[in-house]
Each structure stands twice: as structure tokens, then as C-alpha cells.
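Before any comments, here is the structure.
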Amino acid sequence: EALQNTGASDIRALNQLAPSLIVSGATSEVSFTARIRGVGTVGENPGLESSVGLFIDGVYRSRTGVGLSELGDIERVEILRGPQGTLFGKNSTAGLINIVTKKPDFDFEAKGSATYGNYDYVRIDGGVTGPLIEDKLAARIDGVWQKRNGFIKNATPGNPDINDRDRWLVRGQFLFTPTEDISLRLIGDYAKRDENC
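Using our numbering, you'd call the opening residue of the sequence shown number 1210 and step up by one each time.
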């Protein structure tokens, strides 16, 4: 609810909700670095693994920039102070960002939203979930599309303006619950960005 109210749609916007988290970058859209309580990897070298780990649905993402695309419909975001190597392993000495997406539901639900802003900013997102087999198999599909013109004019003829947005994400999920004690979740997502930043 707090994420929706602030309009946060990617990891950079989490600074609004978690003052101890800093997500910053200057040289490239994909080489952002995260710091928790001021502790983190220094520099934006893509060869360095961040000391703030990023996990999306329990899967480790080796570069923070991977998580900068749209998040889609999420259940919660956990910002855990480090070190977290005992529970999560990998390189999480400064802490980690754990993003958990909404899982499929056995009650039918559909939602959507559209946003328009300056520089012809358009963002459309939606999702649908429901049962395929009553109390056994449920599915969910979410999608996000975002586009915005750049706000730095490129004087070179034929080249696009700088700092534009052109990205989309689609995520599909299945939840299988053969018994009350066992649940299996299969998640597949595809995201694409084509931006001049």
C-alpha cells in the first residue's frame, strides 16, 4: 500500500520509504549501486558484485541494475541490514533487498491502472489471477508498459533525446498446492528496456 501511494515502480524509488537505503548511479542506467546505512560497494564498475544483495522471489541477481526495470505487482519489499550471508548466502555483507512478488490467488481478481505525465509519460499496468483447478492450481499474469520522451534535448540530428523511458515487463506464475503442507510456485518473467540514458 505504501509503495502504491508513493508511486514507486522500481528499486530507485524505495529511497522514499526506507531512509537507510541509497540507490544511486551516474554513469549508466544499469550500473546503479545500492548502500544500506551508507555501507556498500564503491564505484559503478560492472565487474564488481554489489555488497548489497538483490533477491527477487528468492533468486539472487548479481547486478543491482537488473532490478531497475519494472517490478510489476509486488507483495512486499524487505530491506535487511547486513551482514546477511548466513540466511541468504552470496555477497550480502552490507545487507540485501528482498523483493517478493504477489503470488497467484484461488479467488479471481483483475486490476489495472494507467498514468500520464509530462514529456508524454505513459505507464500502463495490469494483472489477472484466478484458479485453474479448484484449490489445486492457480495462475497469475502481470504486465507493465512504460514510455516517456527524454528530457535532455539531443542536438545531433536523427538521434533520440536523452533520458527517455521505453520499457516493459510480463510475468507469469503458477501455484500448485497438492496438499495443505506442500506448495510449488513456478515463475517466469521477461523484461526489456530500450532507452538512451
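Heads up, the beta-carbon is just placed ideally off N, CA and C, and yes, glycines get one too.
#1: Express the C-alpha separation of Glu1279 and Ile1350 in angstroms, rounding to a whole number.
#2: Spatial neighbours of Gly1381 within its chain, please: C-beta separation below 6 angstroms, excluding the five flanking residues on both sides.
#3: At a threshold of 7 angstroms, does Ser1229 count as lining the ligand GTP (C-beta to nearest heavy atom)?
#4: Do Leu1384 and Arg1374 have their beta-carbon atoms positioned less than 8 angstroms apart in this structure?
#5: Apart from the five residues just before and just after Tyr1330, which ones in its own chain have a Cβ nearer than 6 angstroms to its Cβ?
#6: Quick check: the Cα distance between Val1361 and Ala1243, rounded to an integer number of angstroms?
#7: What is the DSSP secondary structure of Arg1221, reduced to helix, strand or coil?
#8: Compute the beta-carbon to beta-carbon distance between Pro1313 and Thr1338, rounded to the nearest angstrom, for a pair I have assumed lies under 8 angstroms.
#9: Curious, which full-length alpha helix (DSSP H) runs of at least 4 residues does the region 1260–1325 contain?
#10: Alpha carbons only, please: which of Ser1233, Val1251, Leu1378, Ile1306 is nearest the one belonging to Val1268?
#11: Nearest by alpha-carbon distance to Asp1282: which of Ile1333, Glu1389, Gly1326 is it?
#12: Enumerated in chain order, which unbroken segments of the beta strand (DSSP E) with a length of 3 residues or greater are wholly contained in the region 1321–1352?
#13: What does the Cβ neighbour count give for Phe1241, buried or exposed, with the cut at 16 atoms within 10 Å?
#14: Quick one: Cα of Thr1388 to Cα of Ile1265, how far?
#15: Per DSSP, what kind of secondary structure is Leu1212 in: helix, strand or coil?
#16: Flag this pair as touching only if the region 1317–1330 and the region 1341–1348 have three or more C-beta atom pairs under 8 angstroms; answer yes or no.
On the basis of the data shown:
#1: 14 angstroms
#2: Annotation for Gly1381: Ile1350, Gly1397 place their beta carbon closer than 6 angstroms to its own, counting only its chain and skipping 5 residues before and after.
#3: The ligand GTP is not among the ligands present in this structure, which contains no ligands whatsoever.
#4: no
#5: Arg1357
#6: The residue asked about is misnamed: residue 1361 is Ile in this sequence, not Val. So the alpha carbons of these two residues sit roughly 25 angstroms apart.
#7: Helix.
#8: 5 angstroms
#9: 1294–1297
#10: Ile1306
#11: Ile1333
#12: 1330–1342
#13: Buried, since its Cβ has 16 or more Cβ neighbours within 10 Å.
#14: 26 angstroms
#15: DSSP, reduced to helix, strand and coil, places Leu1212 within a helical segment of the structure shown.
#16: no
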